[in-house]
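Undergrad: Residue numbers (my numbering), protein chains in the order written: chain F, 75 to 372; chain P, 2 to 281; chain H, 246 to 494.
All residues carry an ideal CB built from backbone N, CA and C; glycine is no exception.
Remember, predicted model here, so these are calculated numbers, not experimental data.
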Amino acid sequence: MQYPDTEFKEKIISSIIISAATVSSLLLLAMLIFILRESWPIWSQIGVSGFLSGSSWKPLNTPPEIGILSMIVSTMWVAGGALLIAAPLGFGCAVFLAEFSPRPLAAILRPVINMLTGIPSVVYGFLGAAVLVKFFEVKFDLASGESLFAASLILAIMVIPFIVANSEAALRSVASEYRHAGIALGVSRQYLTLRILVPLARKGMLGALVLAFGRAMGETMAVLMLAGNTLRMPGSWFDKGEPLSALIALELGSSTPGSFHYQALFAAGLVLVLMVIAVNIGINLLFNRLQKRGDDFI
Amino acid sequence: MKKAIRDKLLLGWFWVSGLLILVILLAIIIYLIWRGGPFINSQFILESPRGFPLGTEGGIFPAIKGTLWLILLALVVSFVPGLLTAIYLSEYGRSGRLAEIINLLVQSMAGIPSIIIGLFVYAFGVVTLGWGISLLAGGLALAIMIFPVIVVSSRDALLAVDENYRLVANSLGVSKSYTLYRVILPRAAAGITAGLLLSLGYAAGATAPIMVTAAAVIASSSGALLEPVMALPYHLYILFNEHLSLNYAYATALVLVSLVLLLNILALLLNSLQERMSKQ
Amino acid sequence: MNAVELIDFNAYYGSKAVLQNINVEFSPNSITAIIGPSGCGKTTLLRSINRTAEMERGFKSQGDIRVLGKSIKEVRNVSALRRQVGMVYQTPVALPLSIRENVLFGPRYYGVKNRSDLDAITEKSLRQVALWDEVKDRLKRPAAQLSGGQKQRLAIARALAVEPRVLLLDEPCSSLDPASTGLIEDLLTQLAEELCIIIVTHNLFQARRIANETAFIMDGRLIEKAPTQKLFASPDKPETRGFVSGLFG
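1. Is F/L359 close to chain P? Criterion is C-beta to C-beta, closer than 8 Å.
2. So what's H/L467 in DSSP terms, helix, strand or just coil?
3. For F/R184, report the span of its alpha helix (DSSP H) as first-last.
4. Name the chain F residues whose beta carbon is nearer than 9 Å to that of P/T208?
5. Once you ignore the five residues that flank P/Y123 on each side, which residues in its own chain have a CB closer than 6 Å to its CB?
6. How is P/T208 classed by DSSP in three states: helix, strand or coil?
7. With a CB to CB cut of under 8 Å and the five nearest residues on each side skipped, what residues in its chain are close to H/I366?
8. Could you give the distance in angstroms between the alpha-carbon of F/I92 and the alpha-carbon of H/Q395?
9. Spell out whether any CB of chain P is found under 8 Å from the CB atom of F/G368.
10. Tell me H/Y257's beta-bridge partners as DSSP assigns them.
11. In this structure, does DSSP put F/W117 in helix, strand or coil?
12. Which partner residues of P/A216 appear in the DSSP bridge assignment?
13. Which residue or residues does DSSP assign as beta-bridge partners of H/E250?
14. Indicate the three-state DSSP secondary structure (helix, strand or coil) for H/P409 in the structure shown.
15. F/Y259 CB to nearest chain P CB: under 8 Å?
16. Taking 8 Å as the threshold (beta carbon to beta carbon), is P/N265 in contact with chain H?
17. Span of the alpha helix (DSSP H) holding P/S223?
18. Does the beta carbon of P/G174 come closer than 8 Å to any beta carbon on chain H?
19. Are the C-beta atoms of F/Q264 and some chain P residue less than 8 Å apart?
20. Counting only the same chain and skipping the five closest in sequence on each side, list residues whose C-beta sits under 7 Å from that of F/A224.
21. Give me the residue from F/W117, F/G356, F/L298, F/P317 with the minimum Cα distance to F/M145.
22. For P/I185, name the three-state secondary structure that DSSP assigns.
23. Measuring only between beta-carbons, confirm whether F/L163 sits less than 8 Å from chain P.
24. Report whether the distance from the Cβ of P/L168 to the nearest heavy atom of the ligand GDP is below 7 Å.
25. Between F/I357 and F/L245, how many whole angstroms is the CB-CB distance? I'm expecting something under 8 Å.
26. Rounded to whole angstroms, what is the Cα-Cα separation between H/H447 and H/S419?
27. What are the boundary residues of the alpha helix (DSSP H) that H/I516 is part of?
28. For H/C441, write down the residues that DSSP places opposite it in a beta bridge.
29. Can you find a C-beta in chain P that's less than 8 Å from the C-beta of F/E316?
30. Using the Cα positions of F/N303 and P/Y238, report the straight-line distance between them to the nearest angstrom.
31. For F/W131, does the three-state DSSP call read helix, strand or coil?
32. Quick one: Cα of F/A95 to Cα of F/G327, how far?
33. Thinking C-alpha only, which one of P/L240, P/E228, P/N272, P/N171 is nearest H/E301?
34. Taking Cβ-Cβ distances shorter than 9 Å, what residues in chain P pair up with H/L384?
35. Which residues in chain H have a C-beta closer than 8 Å to the C-beta of P/Y179? List them in chain order.
36. Do P/L226 and P/L136 come within 8 Å of each other at the CB atom, strictly closer than that value?
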């Protein structure tokens, strides 16, 4: 036997692996920087507050009016509304799967939830538009059944599986000693779950909500087909609106590369990304702060 | 007394939530099959759109081809970088500073809205590099979209391999790459493949990124990299939005959902195979 | 010449000292047992010798370890060191390969390609651990199908296949039945004619049965090392006496 000169070969292999990993991950930063660059004129000429608080979007006027407040409001309303609907159902189902469901039913339900996450968003949007919107039009005698509410409803169905999966995992990871203690005390399972298990799983469950919120904010197709796509500021949940994602999807192709309109769309994209990142980071920071306070139950 | 009522209500809430979700999925599948099933035949699958306006008759073959080309391209572009990154995270980095940063970056990438990825590739590929609306741009956008999914699923599959194997191999003095090649990768192969299949399903259904980079209402989808392509999700959108054919829209939706569910089920099977292997 | 020497050796995990001022020599062609209460650093000592301890986060060491006269810190190729120092772990681990490929895992890496060479190595290593007759007809079958005792003997064969000079064993029999334990103890006694064997064990009877010399370690310090009979019958240090007392009247 000889000693193959593998030290050298091994160093090459590990350098390749390390560089691949680093470069690929830097892709994220590259994307952000690129978008920032493309949108720079907007920031330097109109400024952050002007862009964010302007409620009139007429990029092709002279002079162009570029304000995305209506879109930001639509995005938050649609996503927030979706969570409002999805959270009780999602948490309820997670508790059901983790604590109350009979085994065979759970064995069916879990793959079902898995499959729900696989259905493409355009199909959800399509069904929502073909079925739900039609239903609203007929039932309430409207000219058009599209609204932020319709979008929220469909988005809720889309994010429920994420909430269920993550929350159930959080509940399951609570140590079984707590369950045994509760049963020994003779309390009802409902009481045990709500007063003991859920608080212990709080972090995971809230994390699930945050993830769902981020997902809802970034969703494009469903809102494109359901929210109505008007550039006005929405006045109620049942008004039409145009979230940021829909704005970009609809107008990018027809904008002239290099024009103000084009740059404004990139600026809108940057705002959307930062909103999503902010939501994720914000909640993480909040949790770390709570954890440092020595709160036992997190 | 109040306690008993409250307990019953809570129980009701839990049960209703669970059953409602089951019902929703069944409703979706059944409705799609009911509305779209009758219009799926060999003509639908194998022919191109015809009629006036285009799409009201004929089939969706170029859309099927286009989707297949797109996900193939996405796979080819992101598989190797994704796997290498996963290998780094599981075998070389583990707990170092760099690994933490990479983990964070990959996790963040997973949260980026797909339309933003489309935005980036539009500016970078379609405009700056002059590709135009093309299969290449769409494939790249989808590749970026599925990259974090591949990394995370591959990394988890690699980490799940019994640590004892690495200990034994180390004490014999063999190199990490030898151990990877002979023991770790073969052992994690099922889980890695499952992750790939899930990614393909995810890419097949994505509309927003390809809408702005690759998709056309009508195209031959011959596989030419710099030509636009038709794709199932976009075709569905057009059929409905342009009021071309509600029936064909349902049929297209059914075809798309079937494709994605098929990939997901295969992935599920592979994952349970992987788990059974690890318990040996 | 000593096969393995530790000179003023200290080991730390983070700020916690796991081994303190260890000075000990292990003779070639003999079996030395290391005994002591749990968590006293025995495993760390073994892993320091073949330099796998440093793969854990926070591991630091001072002092020197010499294997076959050469300091392990100055070794150009750690791989070469690990070939010379074989290691067998507490849990019997069979690589997810066939029996034959388990044995040949090391040799293939080190460049052995010739079919008859590979066959010869397989047979020799398996004979050394008394497994050859049991498995010679199913060499291509997965090693996972073997029993615990067989897997452990396979692990030893795997280590022997790369022709080490030192063999380290970390409680190799603790999960095995008495029959397998007896088999392994017999083959270790035979192997001791060619190798320096260092075995960490919780089983004081085992140490008494097979070890030429025994070292007693407590709280990271080497308390006493002596020929086995003497250590058990009339130890010098009171700590040793306390540990082995009650066993040998």
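TA: In terms of the structure at hand:
1. The count along the first sequence starts at 1 and reaches residue 359 of chain F at position 285. For F/L359, the answer is no, since every Cβ of chain P falls outside 8 Å of its Cβ.
2. The residue you call residue 467 of chain H lines up with position 222 of the third sequence. If DSSP states are grouped into helix, strand and coil, H/L467 belongs with the strands.
3. Residue 184 of chain F sits at position 110 when you count from the first residue of the first sequence. It spans 177 to 192 - the alpha helix (DSSP H) in which F/R184 sits, taken as one unbroken run.
4. Sequence index remark: in the second sequence, residue 208 of chain P carries index 207 (1-based). What P/T208 touches in chain F: P194, S195, V196, G199, T294, M295, L298, A323.
5. Reading the second sequence from its first residue, position 122 is the one you call residue 123 of chain P. Counting only Cβ-Cβ distances below 6 Å, and skipping sequence neighbours, we find V213, T214.
6. Within the second sequence, residue 208 of chain P is the residue found at index 207, counting from 1. Here P/T208 sits in coil by DSSP.
7. Reading the third sequence from its first residue, position 121 is the one you call residue 366 of chain H. Spatial neighbours of H/I366 in its own chain (CB-CB distance under 8 Å, excluding positions within 5 residues in sequence) are listed in chain order as V348, L349, P352, V357, A406.
8. For the purposes of this step, residue 92 of chain F is identified with residue 18 of the first sequence, where counting begins at 1. For the purposes of this step, residue 395 of chain H is identified with residue 150 of the third sequence, where counting begins at 1. Each residue's Cα considered, the two are about 39 Å apart.
9. For the purposes of this step, residue 368 of chain F is identified with residue 294 of the first sequence, where counting begins at 1. With a pLDDT of only 48 at F/G368, under 50, the local geometry of the prediction cannot be trusted, and the value read off the model is given with reservation. With 8 Å as the cut-off, F/G368 does not count as an interface residue toward chain P.
10. Within the third sequence, the letter at position 12 stands for residue 257 of chain H. H/Y257 pairs with H/A262, H/K305.
11. Stepping through the first sequence from its first residue, residue 117 of chain F is reached at position 43. Here F/W117 sits in helix by DSSP.
12. One-based indexing of the second sequence puts residue 216 of chain P at position 215. In the DSSP output, where bridge partners are listed per residue, P/A216 has P/V230.
13. Sequence index remark: in the third sequence, residue 250 of chain H carries index 5 (1-based). H/E250 pairs with H/E270, H/R311.
14. Taking the third sequence and counting its residues from 1, the one referred to as residue 409 of chain H is at position 164. Coil, per DSSP.
15. As a working mapping, residue 259 of chain F is identified with position 185 in the first sequence. Correcting the residue type first, residue 259 of chain F is Leu in the shown sequence and not Tyr. Judged by the 8 Å Cβ criterion, F/L259 is not in contact with chain P.
16. Within the second sequence, the letter at position 264 stands for residue 265 of chain P. Output row for P/N265: interface = no.
17. In the second sequence, the residue the question calls residue 223 of chain P occupies position 222. Element bounds for P/S223: n/a, residue is neither H nor E.
18. In the second sequence, counting from the first residue as 1, residue 174 of chain P sits at position 173. Interface residue, yes.
19. For the purposes of this step, residue 264 of chain F is identified with residue 190 of the first sequence, where counting begins at 1. Chain P contact via Cβ: present.
20. Here residue 224 of chain F is taken as the residue at index 150 of the first sequence, counted from 1. Taken in chain order, the residues that qualify are G202, L206, V207, F210, L300.
21. The residue given as residue 145 of chain F occupies position 71 in the first sequence. Scanning F/W117, F/G356, F/L298, F/P317 for the CA closest to the CA of F/M145 turns up F/P317.
22. As a working note, residue 185 of chain P is residue 184 in the second sequence. In the displayed model, P/I185 falls within a helix according to three-state DSSP.
23. Translated into positions along the first sequence, residue 163 of chain F becomes position 89. Cβ-Cβ to chain P under 8 Å: yes for F/L163.
24. In the structure shown, the ligand GDP is absent, as is every other ligand, since no ligand is present at all.
25. Translated into positions along the first sequence, residue 357 of chain F becomes position 283. Translated into positions along the first sequence, residue 245 of chain F becomes position 171. The Cβ separation is near 19 Å, so there is no contact.
26. Residue mapping note: residue 447 of chain H aligns to position 202 of the third sequence, counting from 1. Residue mapping note: residue 419 of chain H aligns to position 174 of the third sequence, counting from 1. Using only the alpha carbons, I get a separation of about 8 Å.
27. With chain H covering only 246 through 494, there is no way to say anything about residue 516 of chain H.
28. In the third sequence, residue 441 of chain H corresponds to position 196, counting from 1. Bridge partners of H/C441: H/S275, H/V411.
29. Position 242 of the first sequence, counting from 1, holds the residue named residue 316 of chain F. Not an interface residue.
30. In the first sequence, the residue the question calls residue 303 of chain F occupies position 229. In the second sequence, the residue the question calls residue 238 of chain P occupies position 237. Taking the Cα positions, F/N303 is about 15 Å away from P/Y238.
31. As a working note, residue 131 of chain F is residue 57 in the first sequence. DSSP places F/W131 in strand when its eight states are reduced to three.
32. Within the first sequence, numbered from 1, the residue matching residue 95 of chain F stands at position 21. Within the first sequence, numbered from 1, the residue matching residue 327 of chain F stands at position 253. In a straight line, the C-alpha of F/A95 is about 33 Å away from that of F/G327.
33. Within the third sequence, numbered from 1, the residue matching residue 301 of chain H stands at position 56. Sorting P/L240, P/E228, P/N272, P/N171 by C-alpha distance to the C-alpha of H/E301 places P/N171 at the top.
34. Start at 1 with the first residue of the third sequence, and residue 384 of chain H comes out as number 139. Counting only Cβ-Cβ distances below 9 Å, H/L384 has no contacts in chain P at all, with the closest Cβ about 17 Å away.
35. The residue given as residue 179 of chain P occupies position 178 in the second sequence. Under the 8 Å cutoff, chain H gives Y354.
36. Position 135 of the second sequence holds residue 136 of chain P. Position 225 of the second sequence holds residue 226 of chain P. With respect to P/L226, P/L136 sits close: the two C-beta atoms are nearer than 8 Å.
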